[in-house]
Amino acid sequence: MAVVVFITAPSSTPLACEMTISKLVLASGSPRRRELLAQMGYQFEVVVPNVEERRAAAESPAQYVERLSRDKALAGAALVAAEAVVIGSDTIVVKDQQVLEKPRDFADAKRMLLKLSGSQHQVMTGVSVTCRGITHSVVVTTEVWFKTLSEQEIEAYWQSGEPCDKAGSYGIQGLGGRFVTRIEGSYHAVVGLPLYETDQLLHKF
């Protein structure tokens with residue numbers, strides 16, 4: 329498994345001086361999570377573990393996304409030095425307790441976006457941080473409201489390519505942000521990594 333070194337803020341920054349973590353690793357291939365962790369001022373490396381994303385029948389959406397974040401953190405920890413502090417994260421879109429994953433094709437994306445159209449849904453992001461057998465996790469839930477979408481808007485959005493790798497078939501930080509009328513909660517959690525909650529978990533190590 330390749331390790332991508334991703335250098336961020338210089339170690340002389342006040343934030344870095346406060347931290348006692350000698351090696352920080354982000355177990356995620358998401359460029360959005362890399363950007364958000366860099367925004368927090370951390371130096372870190374990136375690994376991309378292979379974790380199966382399949383919800384168990386008895387799992388609630390919150391339990392599912394927390395487990396996925398934990399599985400990713402632990403899988404990432406297995407790829408790096410024992411002293412590394414590893415962050416795993418996952419984001420899901422939930423409508424009426426149904427988890428909306430990444431779309432398989434246009435028909436699947438259209439189905440999801442029509443389901444979200446003109447209504448309220450939840451975006452849940454799980455974050456887990458692990459080191460030397462100790463793992464702390466949190467799930468952040470944000471309420472999101474969509475405007476009513478036309479089929480023409482949905483088709484044009486699909487043609488942009490943006491929905492293809494997004495849970496729920498949209499990205500709030502991109503063109504999909506035009507569909508969002510308001511949110512209650514963490515914008516950064518919807519993008520993929522809640523800044524405050526992640527920072528609080530890191531300060532446990």
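Take the sequence shown: its letters are residues 329 to 533, numbered as in our numbering.
Ideal Cβ positions, reconstructed from N, Cα and C, are used throughout, including at glycine.
From a predicted model like this one, the values you see are computed outputs, not experimental measurements.
Beta carbon of residue i nearer than 9 Å to that of residue j
i       : j       : result
Glu-381 : Val-353 : no
Leu-407 : Ala-355 : yes
Phe-507 : Glu-490 : no
Val-455 : Phe-533 : no
Val-393 : Thr-419 : yes
Ile-500 : Val-472 : yes
Simplified DSSP assignment, three categories, for residue i
i       : result
Gly-357 : coil
Glu-381 : coil
Ser-445 : coil
Ser-417 : strand
Lys-438 : helix
Gln-371 : coil
Glu-394 : helix
Lys-351 : coil
Ala-366 : helix
Asp-433 : coil
Ala-406 : coil
Pro-522 : coil
Ala-401 : helix
Residue i: first and last residue of the uninterrupted alpha helix (DSSP H) it sits in
i       : result
Gln-426 : That residue, Gln-426, is in no alpha helix (DSSP H); its beta strand (DSSP E) goes 426-428.
Beta-bridge pairing of residue i - partner residues as DSSP gives them
i       : result
Gln-528 : Note: Gln-528 sits in no beta bridge, so no partner.
Val-422 : Val-427, Gln-450
(message) Threshold first: 3 residues or longer. Then list the beta strand (DSSP E) segments lying entirely within the segment 452-518, N to C.
(response) 462-474, 508-512, all fully within the segment 452-518.
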